[in-house]
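Peer 1:
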Amino acid sequence: MNTLKTTVLMAALMGVLVAVGGAVGGQSGASIMLIISLVMNLGSFWFSDKIVLKMYDARPVDEANAPDLYQMVRKLSRNANIPMPRVYVINSNVPNAFATGRNPENGVVAVTTGIMQALKYEELEGVIAHELAHIKNRDTLISTVVASIAGVISWIGTMAQWAAIFGGRSDEEEGGGIGGLIFTIIIAPLAATIIQMGISRSREYQADESGGNICGNPLALASALTKIEHYAKFGTMEQATPATSHMFIINPLSGAGKSIMNLFSTHPATADRIAKLQAQARR
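Numbering-wise (my numbering), the sequence shown opens with residue 15 and increments by one.
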């Protein structure tokens, strides 16, 4: 059911991108955006990990320079019955983590320096297990494709807003006029955020449950979620963007200023996630 839901939402997100093209450039604009969305999906398949890791200036680590973290990932990978992913560290005091890669054979787990300092060993195991679950469930490719498309929609909306301010477009140009402009600047980014939210939420619950099974301690993961959310409320990762926020175990923009884009969370309520993990531990 989650796979069907994700497929429908992905198609809807591509539809929003094509609609943005139509609003900006009419039929030719829609055709261009359809081609762009297909190229982006292909590019994301092959380069998803490199794009996101570069964005967050993540550095690779191995057993020599991060022995505890590396050995933890290796042990949990065996529990999950997936190949050992590459391990990266992001220089940020805010505790968080994400996974990327087009398939389990090319998986990547990235953690912040802050999460290694803030969590107990078993809590960090829970977080790593959650990220390995995303890799095992093949959520990582979906997440990066969604980030790419949502990012382009937001970028087009911003460009259209500046064009409207400085008069960069005439009423005679092909497109949707004032209605198309409103759609591009306001409605499309909002729709992209809602779709992005729907995709992410359905995958997070599943990764929590799978992660609890992989580490064998759902309550440790629940405790980690509590701590990470607490830190996220008081500190925002400088590198974080709305387009990639759904990739993290907890929304890294939780502490950002209020705006129309921040009214919608890409993650389920942490209290609900914890309640499900507690119920899982009792089974």
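We put the CB at the ideal spot given by N, CA and C, even for glycine. Note that the coordinates shown come from a computational prediction; the quantities given were computed from them, not determined experimentally.
L277 to E77, Cα distance in whole Å?
Peer 2: Confidence in L277 is poor, its pLDDT being 46 and thus under 50, which makes the residue's placement too unreliable to answer from.
Peer 1: Taking just the CA atoms, how far does P266 sit from T250?
Peer 2: 6 Å
Peer 1: Quick one: residues in its chain with C-beta nearer than 7 Å to the C-beta of D222, no 5 flanking neighbours on either side, listed in chain order?
Peer 2: H144, L235, R287, K290 and L291
Peer 1: In chain order, what residues of the same chain lie with their CB nearer than 6 Å to the CB of G115, ignoring the 5 residues before and after it?
Peer 2: If we look at G115 and ignore the five residues flanking it on each side, its Cβ neighbours are D63, G121, V122 and T154.
Peer 1: Between A132, R297, G140 and A72, which has its C-alpha nearest N93's C-alpha?
Peer 2: G140
Peer 1: Give me the Cα-Cα distance between L239 and A124, rounded to the nearest whole angstrom.
Peer 2: 16 Å
Peer 1: For the beta strand (DSSP E) that contains A113, what are its first and last residues?
Peer 2: A111 to T114
Peer 1: How should T53 be labelled, buried or exposed, when 16 other C-beta atoms within 10 angstroms of its C-beta is the threshold for buried?
Peer 2: Before going further, note that residue 53 is Val rather than Thr in the sequence given. V53 comes out exposed.
Peer 1: Please state whether DSSP places I104 in a helix, a strand or coil.
Peer 2: strand
Peer 1: Among the candidates Q253, N227, S45 and A111, whose CA atom is the shortest distance from the CA of G128?
Peer 2: Relative to the Cα of G128, the nearest Cα in the group Q253, N227, S45 and A111 belongs to A111.
Peer 1: Which residue marks the beginning of the alpha helix (DSSP H) containing P232, and which one marks its end?
Peer 2: P232 to F248
Peer 1: Can you tell which of G230, P109 and I65 has the C-alpha that lies nearest to the C-alpha of H244?
Peer 2: Nearest C-alpha to H244: P109.
Peer 1: Going by C-alpha distance, which of S106, I156 and A285 is nearest Q253?
Peer 2: S106
Peer 1: Quick check on the DSSP output: the alpha helix (DSSP H) that includes P81 runs from which residue to which?
Peer 2: P81 to A94
Peer 1: Do E136 and N231 count as a contact pair if the criterion is CB distance below 8 Å?
Peer 2: yes
Peer 1: Run through DSSP, which three-state label would T127 get?
Peer 2: helix
Peer 1: Among the candidates V103, A293 and R152, whose CA atom is the shortest distance from the CA of N79?
Peer 2: V103
Peer 1: When DSSP builds the beta bridges, which residues end up paired with P282?
Peer 2: Looking at the DSSP assignment, P282 forms no beta bridge with any residue, so it has no partner.
Peer 1: Within 10 Å of its beta-carbon, does G189 have 16 or more other beta-carbons around it, so buried, or fewer, so exposed?
Peer 2: Confidence at G189 is low in this model, with a pLDDT of 48, below 50, so the placement of that residue is unreliable and no value is reported for it.
Peer 1: Go to P74, then tell me how far its beta strand (DSSP E) extends in each direction, as first and last residue.
Peer 2: R73 to V75
Peer 1: Would you kindly work out how many angstroms separate the C-alpha atoms of M275 and A293, rounded to a whole number?
Peer 2: Confidence at M275 is low in this model, with a pLDDT of 42, below 50, so the placement of that residue should be treated as unreliable; the coordinate-derived value is given next. C-alpha separation (whole angstroms): 32 Å.
Peer 1: Determine the direct distance from the alpha carbon of S224 to that of G29, and round the result to whole angstroms.
Peer 2: 31 Å
Peer 1: Are V87 and I149 touching if we call contact CB-CB under 8 Å?
Peer 2: In this structure, I149 does not lie closer than 8 Å to V87 by Cβ.
Peer 1: Assign A285 to buried or exposed, taking buried as 16 or more other Cβ atoms, counted over all protein chains shown, within 10 Å of its Cβ.
Peer 2: exposed
Peer 1: How is the alpha helix (DSSP H) around H148 delimited, first residue to last?
Peer 2: Y135 to K150
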